[in-house]
Structures are given as structure tokens and as C-alpha cells.
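Novice:
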Amino acid sequence: MTNIMSQMQLRDYALLLLNVEANPKFNPEKNQHSESSMGINFNFFKKEKEDEKAFRIELDVVVNTDEKIFRNSPYRIRIKLQSFIEFDKNIEEKNIAPLLMQNGLAMTYSIARGIVGQATGTSLHNKFLLPTVNFVELIKNKIENEKKKKKLKKV
């Protein structure tokens, strides 16, 4: 029988913060909801024990926090959560970072999408799903920004 288990497993997750504010003045017939803003921040942390291939991902997502944009939007949202990822002991070290950054982050974001969908499902303007995100670009941008910060510190 073929082993269908991935070498990377989501072991747990924890919601740290959830703020959902419905805009009582939002009228979908009047407000076109053409503009929305979103921000995502994330960090990866390795577990203390060196022999374990275990990590924690922290994810912070904000939607429509700008007051001007919120006036024409159904919701203002902030969700912060962490996930706990473990890798099979036989996985090669070189394969961990790409899997963790792209797949682990996508898995964590999917959990955030579900929580926000559930929280808004019975709210004033019905269910709101966080938009799909291109994590390859998001990770690339974060790496570039971190490199720029390091260069600035050296100067």
C-alpha cells in the first residue's frame, strides 16, 4: 500500500485574536465596495529542540483598517493565529524551507479564511471570505524587504 501522508503535517493551530466589525452604514445597493485594503504579516519560528523538525507560523491579517475604505466596505477585520507544523524525521533539510514557507503559510491562511467565514456567516452583511493570496509573491516581497533592512542597518 502506498503511503499517502505528506512529510509535513499541521499538528495544531490557535486563534490569538479575532476582530470583526460590521459596518452598519454599508449598503450594497449604494456602496459599490470597489476598493478594499488588505495586509498580511507572517513569521516562522523553529522549535527549541534541534533534533525536532517542528515550527510555529504566526499569521496576522488585516482587512479594511483604513477608515476611508471601511466607510464603503461591509467589514473591518483583523485575525491573528499561529499554526504548528512538524516534518517527518527523514525529510532532507533542504526541502523544509520551501515546504514550510509556501505550503505551511497557505495552510495557516486557509484556517484564517475558515474562521473569518464562520464569524461573518451570521453577521450583518453575510459571509466574508478572505481573498485568495499569491504566497509566492508575498514571500518574495518579504525576503526582499528583509534584505533591504539588513543593508540599511549596515550603513
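Terminal number for the sequence shown in the working numbering: 315, no gaps in between.
The beta carbon of each residue, even a glycine, is placed where N, CA and C say it ideally should be.
1) Check whether the stretch 284-297 touches the stretch 266-275, taking contact to mean three or more Cβ pairs, one atom from each stretch, closer than 8 angstroms.
2) I need the DSSP call for residue 216, collapsed to helix, strand or coil.
3) Thinking just about the alpha-carbon of each residue, which of 174, 289, 238 is nearest to the one in residue 200?
4) Find out if the Cβ-Cβ distance for the pair residue 168, residue 263 is shorter than 8 angstroms.
5) If you scan the stretch 231-303 from start to end, which runs of the alpha helix (DSSP H) of 4 or more residues do you find wholly inside it?
6) Would the stretch 222-229 and the stretch 241-251 be scored as touching if the rule is three or more Cβ pairs under 8 angstroms?
7) Is the distance from the Cβ of residue 186 to the Cβ of residue 213 below 8 angstroms?
8) Output yes or no for whether 8 angstroms exceeds the beta carbon distance between residue 150 and residue 260.
Specialist: Reading it off the structure:
1) yes
2) Taking the sequence shown and counting its residues from 1, the one referred to as residue 216 is at position 56. Looking at residue 216 - three-state DSSP - the assignment turns out to be strand.
3) As a working mapping, residue 200 is identified with position 40 in the sequence shown. Cα-wise, what sits closest to residue 200 is 238.
4) To locate residue 168, count along the sequence shown from 1; it is residue 8. To locate residue 263, count along the sequence shown from 1; it is residue 103. Yes, the Cβ-Cβ distance between residue 168 and residue 263 is below 8 angstroms.
5) 253-258, 265-280
6) Segments in contact, no.
7) Looking up residue 186 in the sequence shown gives position 26. Looking up residue 213 in the sequence shown gives position 53. No, Cβ-Cβ distance for residue 186 and residue 213 is not below 8 angstroms.
8) Since the first and last residues shown for the chain are 161 and 315, residue 150 lies out of range.
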